[in-house]
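Visitor: For reference, the structure I am asking about is given below.
Numbering (the UniProt record's numbering), first residue to last: 1 to 225.
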């Protein structure tokens with residue numbers, strides 16, 4: 001058992017690591033686009049490639065999959081959770097990717113990149129999703145992109161010089177202001193198949209970015225689960 005103040009101090013130290021690495025870890029998953037890792041394997045790979053401890057690597061993954069406008073998604077099949085970027089494309093002032101919906105399964109989503117640049121939480125970001133299950137072998141995001149461009153004309157006077165995903169805020173940290181495990185990222189029997197499958201498991205993290213970090217990291221300090 002540890003004093004509460006000591007746990008808070010350790011969490012604050014780990015938060016520095018999370019803020020420093022979240023963008024790079026997101027890019028790592030983008031470099032492995034089309035590959036889905038079991039959570040345990042993903043944690044091990046991040047530990048090795050970024051010289052992280054297990055709790056920070058695990059929390060980084062939680063930050064990314066808990067962000068409803070980040071292309072790093074989590075898919076549950078039976079008792080296994082897989083994590084990765086299925087498909088990602090950049091457009092003028094927007095980006096699109098394959099997400100997972102509890103009922104519809106494989107689903108296209110297009111996100112306003114200017115909203116991402118300006119936002120404090122993912123709830124402030126405009127995005128459009130497909131209302132039907134996607135069955136295309138090569139996703140066509142044109143219809144959704146046109147909707148985002150219409151949003152642009154009404155809501156923004158400029159477009160970002162560089163498209164950055166939900167893992168980046170103006171402050172450089174991840175967006176995670178609402179529910180950490182949203183329905184589109186934690187469904188069973190997804191039927192979503194990427195090119196490769198590799199790793200395991202995921203922790204239930206809290207509801208806000210700060211709460212997610214505290215709960216996940218304090219769990220590892222307590223019983224290691």
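Ideal Cβ placement from N, Cα and C applies to all residues, glycine included.
Does DSSP put residue 138 in a helix, in a strand, or in coil?
Guide: Judged by DSSP in its simplified three-state form, residue 138 adopts coil rather than helix or strand.
Visitor: Sort 158, 123, 60 by Cα distance to residue 28 and report the nearest one.
Guide: That would be 60, whose Cα lies nearest to the Cα of residue 28.
Visitor: If you count every other CB in all the chains shown that lies within 10 Å of the CB of residue 96, and 16 or more means buried, which is it?
Guide: Around the Cβ of residue 96, a 10 Å sphere holds 16 or more other Cβ atoms; the residue is buried.
Visitor: Below 8 Å CB to CB, which residues in the same chain sit around residue 89 once its five sequence neighbours on both sides are set aside?
Guide: Hits under 8 Å: 95, 96, 97, 139, 141.
Visitor: Residue 83 to residue 72, Cα distance in whole Å?
Guide: 7 Å
Visitor: Hey, which unbroken runs of the alpha helix (DSSP H) at 4 residues or more fall wholly within the stretch 33-58?
Guide: Runs found: 39-50.
Visitor: Check each candidate in 114, 22, 4 and name the one with the smallest Cα separation from residue 66.
Guide: Of the listed residues, the one whose Cα sits closest to residue 66 is 22.
Visitor: Which residues mark the beginning and the end of the beta strand (DSSP E) in which residue 114 is found?
Guide: That residue, residue 114, is in no beta strand (DSSP E); its alpha helix (DSSP H) goes 113-118.
Visitor: Between residue 107 and residue 129, which are expected to be in contact by the criterion C-beta below 8 Å, what is the C-beta distance as a whole number of angstroms?
Guide: 6 Å
Visitor: Out of 111, 32, 40, 153, state which residue places its alpha-carbon closest to the alpha-carbon of residue 144.
Guide: 111
Visitor: By how many angstroms is the C-alpha of residue 92 removed from the C-alpha of residue 161?
Guide: 9 Å
Visitor: Do residue 69 and residue 103 have their beta-carbon atoms positioned less than 8 Å apart in this structure?
Guide: no
Visitor: Quick check: what's the CA-CA separation for residue 34 versus residue 127?
Guide: One C-alpha to the other measures close to 22 Å.
Visitor: Is the beta carbon of residue 25 sitting closer than 8 Å to the one on residue 64?
Guide: yes
Visitor: Who does residue 26 pair with in a DSSP beta bridge?
Guide: Note: residue 26 sits in no beta bridge, so no partner.
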